[in-house]
Amino acid sequence: MTSQSQGIQQLLQAEKRAKDKLEEAKKRKGKRLKQAKEEAIAEIDHYRLQREKEFRNKQMNVMGSQGNLSAQLEEQTTETIRNLTSSYQKNKESTMKKLLNIIYDVKPEVHPNFRYAA
């Protein structure tokens with residue numbers, strides 16, 4: 001009976017070792033999955049940062065050119081306003097003289113449709 005008991009004990013011990021190995025394998029698998037997940041997240045973050053950097057560079061190129069256009073447009077507008085102001089200052093006197101001459105130089109005439117009542 002002892003040999004049976006020893007056989008049972010050996011089976012129980014073998015079962016326990018197998019169970020321990022399974023638990024250990026599950027833990028290793030869990031660690032590997034966790035590590036793989038962390039690596040995947042790190043890789044995704046790296047990819048995302050890279051793409052965001054590329055996007056910002058392209059955006060800066062586009063916005064920079066728009067900024068240049070905006071600055072050029074602002075400069076052209078300022079130059080046009082300066083030209084108009086100087087033209088106004090140059091022609092103001094002569095235009096006022098012409099207008100006043102037209103207003104003061106009234107020649108009274110009888111309208112051609114006017115008929116004298118006799």
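The numbers in full-length UniProt numbering rise by one with no breaks, and the one at position 78 of the sequence shown is 78. By construction, the Cβ of each residue, glycine as well, lies at the ideal position given by its N, Cα and C atoms. Treat the numbers as computed from the prediction; the structure is a model and nothing was measured.
- Straight-line measurement puts the Cα of L100 at about 26 Å from the Cα of P112.
- The DSSP-derived three-state label of V106 is coil.
- Secondary structure at A117: coil, using DSSP grouped into helix, strand and coil.
- Here DSSP, grouped into helix, strand and coil, assigns H46 to helix.
- Looking at the backbone, the Cα of K34 and that of Y47 are separated by about 20 Å.
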